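Residue numbering for the sequence shown follows this note's numbering, starting at 26 and increasing by one per position. To start, the structure under review is shown below, and the notes come after it.
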Amino acid sequence: MARMFGTDGVRGVAGAELTIELAMKLGQAGAYVLTKEKEHQPTIIVGCDTRISGGMLANALMAGICSVGANAVYMGVIPTPAIAYLTRKHKVDAGVVISASHNPMEFNGIKFFNGEGYKLSDALEDEIESLIKNDMKDVTMPIGSGIGRVSYRFDAREEYISFMKQTVPIDLSGLKIVVDCAEGASHYTAVETLKGLGANLIAIHVEPDGTNINANCGSTHMDELRARVVYEKADVGLAFDGDADRMLAVDEKGNVIDGDQVMAIIGNYMKENGTLRKNTIVGTVMSNLGFTIMGQKNGIHIEQTKVGDRYVLENMRENGYNIGGEQSGHIIFLDENTTGDGLLSALHLLEVMVKTQKKLSELAEVMEVLPQALVNAKVPNHKKENFMDYPEIALAVEALEKRFAGEGRVLIRPSGTEPLVRVMIEGKDQSVIEREAEQLADLIMKTIL
Numbered sequence: 026m027a028r029m030f031g032t033d034g035v036r037g038v039a040g041a042e043l044t045i046e047l048a049m050k051l052g053q054a055g056a057y058v059l060t061k062e063k064e065h066q067p068t069i070i071v072g073c074d075t076r077i078s079g080g081m082l083a084n085a086l087m088a089g090i091c092s093v094g095a096n097a098v099y100m101g102v103i104p105t106p107a108i109a110y111l112t113r114k115h116k117v118d119a120g121v122v123i124s125a126s127h128n129p130m131e132f133n134g135i136k137f138f139n140g141e142g143y144k145l146s147d148a149l150e151d152e153i154e155s156l157i158k159n160d161m162k163d164v165t166m167p168i169g170s171g172i173g174r175v176s177y178r179f180d181a182r183e184e185y186i187s188f189m190k191q192t193v194p195i196d197l198s199g200l201k202i203v204v205d206c207a208e209g210a211s212h213y214t215a216v217e218t219l220k221g222l223g224a225n226l227i228a229i230h231v232e233p234d235g236t237n238i239n240a241n242c243g244s245t246h247m248d249e250l251r252a253r254v255v256y257e258k259a260d261v262g263l264a265f266d267g268d269a270d271r272m273l274a275v276d277e278k279g280n281v282i283d284g285d286q287v288m289a290i291i292g293n294y295m296k297e298n299g300t301l302r303k304n305t306i307v308g309t310v311m312s313n314l315g316f317t318i319m320g321q322k323n324g325i326h327i328e329q330t331k332v333g334d335r336y337v338l339e340n341m342r343e344n345g346y347n348i349g350g351e352q353s354g355h356i357i358f359l360d361e362n363t364t365g366d367g368l369l370s371a372l373h374l375l376e377v378m379v380k381t382q383k384k385l386s387e388l389a390e391v392m393e394v395l396p397q398a399l400v401n402a403k404v405p406n407h408k409k410e411n412f413m414d415y416p417e418i419a420l421a422v423e424a425l426e427k428r429f430a431g432e433g434r435v436l437i438r439p440s441g442t443e444p445l446v447r448v449m450i451e452g453k454d455q456s457v458i459e460r461e462a463e464q465l466a467d468l469i470m471k472t473i474l
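Shown next as structure tokens:
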């Protein structure tokens with residue numbers, strides 16, 4: 026049976042796979058596992074993105090939290106990294122975010138942070154899952170005054186905004202910025218922070234209605250932002266995803282600057298200023314080959330992990346590194362926050378622009394992006410991990426790897442959050458790698474029914 030937790034919490038279509046019953050059980054089991062050794066009555070903070078299903082799932086989750094004797098504090102719509110920060114700041118026992126990040130609006134998800142603001146280890150997630158599957162066996166539910174309370178704090182986002190402005194206190198008054206908030210959780214925090222730092226700001230997709238999150242906007246749909254930056258003659262465009270833990274940029278010419286490039290720009294600036302720990306940036310196996318070449322040219326070691334920000338974070342913590350992330354724009358600055366933070370990434374990128382007085386297109390020249398094709402094969406969720414068990418797929422993958430060996434790279438992997446197998450090929454000829462990736466993805470979809 027497939028594991029309940031993916032690379033970023035529990036996800037599924039709200040009301041179908043992610044039901045209110047499951048949300049309540051996750052609240053119960055999560056609160057119990059994360060607070061069972063506490064001698065005081067525990068407190069867990071809860072936030073969500075702008076999806077219409079957020080309130081429904083939050084209430085079910087908080088009912089579960091209270092049923093095991095913990096208190097729940099609901100903070101409303103707020104970015105994922107804000108919950109990580111506030112969990113630490115207020116020294117509560119855990120934090121929970123209800124969000125499906127960059128996924129379409131019908132999806133939702135539940136992810137936990139421990140009291141230190143870090144996402145949970147596999148072992149803790151397995152313990153939570155085991156409790157749910159055993160119907161909370163041997164867990165005594167309190168009654169009377171032992172039941173937890175729900176309280177509400179909708180002003181906490183102001184604390185996060187203050188933290189952002191204090192962490193990267195730059196004067197943006199010389200910059201014209203277009204920001205795309207994806208009709209998501211950053212629609213208030215990003216706008217207020219950038220305006221507060223003096224930016225000449227044009228904000229788009231900042232009117233969430235519960236159903237429009239990520240809809241042809243944000244970091245997964247960059248065309249409108251690219252066109253708007255050029256039209257407005259802006260210095261830079263910034264795009265967040267639904268829960269604002271990712272950020273991608275657009276230079277003044279309308280070119281997308283992805284997470285690898287953002288890390289290359291900021292990492293080199295940090296190295297020059299003596300703040301890049303061990304002269305290392307942590308990426309993943311999906312990082313562009315050009316990122317590794319950039320590191321070799323500039324004396325920066327590029328560490329690689331499995332795909333997923335949790336694996337990037339584990340490597341950073343184990344080895345004492347302070348910047349790492351993914352091509353998708355999920356970047357962690359461990360000196361300042363414990364998870365990927367889109368707004369923090371944006372501020373650090375803007376800081377380099379302000380301090381160097383260089384255009385973003387010029388800064389991006391530090392790294393050459395090699396041609397890359399990424400095609401998703403949609404498959405049943407419970408079969409995505411076993412795609413190599415099919416002989417025709419295994420043979421096709423082997424043939425591709427032989428063909429591109431020495432001249433590129435082939436990476437095929439199941440998505441950690443969606444019912445997809447991702448086919449990625451890097452090579453010299455864009456049209457060739459796109460054709461090969463499409464053909465393999467078609468084969469995977471036709472074979473795995």
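We put the CB at the ideal spot given by N, CA and C, even for glycine. This structure is a prediction, so every number in the text was calculated from the model and none was measured.
(message) Taking DSSP's pairing of strands, which residues face Ile348 in a bridge?
(response) Phe358
(request) For Glu168, count neighbouring Cβ atoms within 10 angstroms of its own Cβ and tell me buried if that reaches 16, exposed if not. (result) A small correction: the amino acid at residue 168 is Ile; Glu does not occupy that position in the sequence shown. So Ile168 counts as exposed.
(request) Flag this pair as yes or no: are the beta carbons of Arg438 and Glu451 separated by less than 7 Å? (result) no
(message) With distance defined between alpha-carbon atoms, name the residue in Ala430, Tyr185 and Asn411 nearest to Glu361.
(response) Tyr185
(request) Let me know the secondary structure DSSP gives Gln382 once reduced to three states. (result) coil
(message) Given this structure, state the Cα-to-Cα distance separating Gly80 from Pro444, to the nearest angstrom.
(response) 25 Å
(request) Could you tell me the distance, in whole angstroms, from the CA atom of Met470 to the CA atom of Pro405? (result) 9 Å
(request) Could you work out which residue in Cys206, Thr381 and Val332 is closest to His246 when comparing CA atoms only? (result) Cys206
(message) Please list the terminal residues of the continuous beta strand (DSSP E) segment that includes Ser176.
(response) Val175 to Tyr177
(request) Determine the direct distance from the alpha carbon of Met272 to that of Gly365, and round the result to whole angstroms. (result) 9 Å
(request) Can you tell me which of the three DSSP states His326 falls into? (result) strand
(message) In chain order, what are the residue ranges of uninterrupted alpha helix (DSSP H) at least 4 long that sit wholly in the region 77-118?
(response) 79-92 and 105-114
(message) Short of 7 Å in beta carbon distance, which residues of its chain neighbour Ala371, apart from the five on each side in sequence? Order them along the chain.
(response) Leu263 and Met272
(request) Tell me, to the nearest whole angstrom, how far the beta carbon of Gly350 is from that of Val332; I am working on the premise that it is less than 8 Å. (result) Not quite, the Cβ-Cβ distance comes to about 11 Å (not below 8 Å), so this is no contact.
(message) For Asp74, count the other beta carbons within 10 Å of its own beta carbon; 16 or more makes it buried, fewer makes it exposed. Which is it?
(response) buried
(request) Measure the beta-carbon distance from Ile108 to Phe132 and round it to whole angstroms, keeping in mind my assumption that it falls under 8 Å. (result) The Cβ separation is near 19 Å, so there is no contact.
(message) Whole angstroms are fine: how far does the CA of Thr105 sit from the CA of Asn304?
(response) 28 Å
(message) Between which residues of its own chain and Gly142 is the CB-CB distance below 6 Å, once the five residues before and five after are set aside?
(response) Ala109, Thr112, Arg113 and Thr363
(message) In whole angstroms, give me the CA-to-CA distance for Asn280 and Ser187.
(response) 31 Å
(request) Quick one: using the 10 Å Cβ neighbour count with 16 as the cut-off for buried, is Gly324 buried or exposed? (result) exposed
(message) Once the 5 residues before and after Tyr294 are set aside, which same chain residues still bring their CB inside 6 Å of it?
(response) Val377
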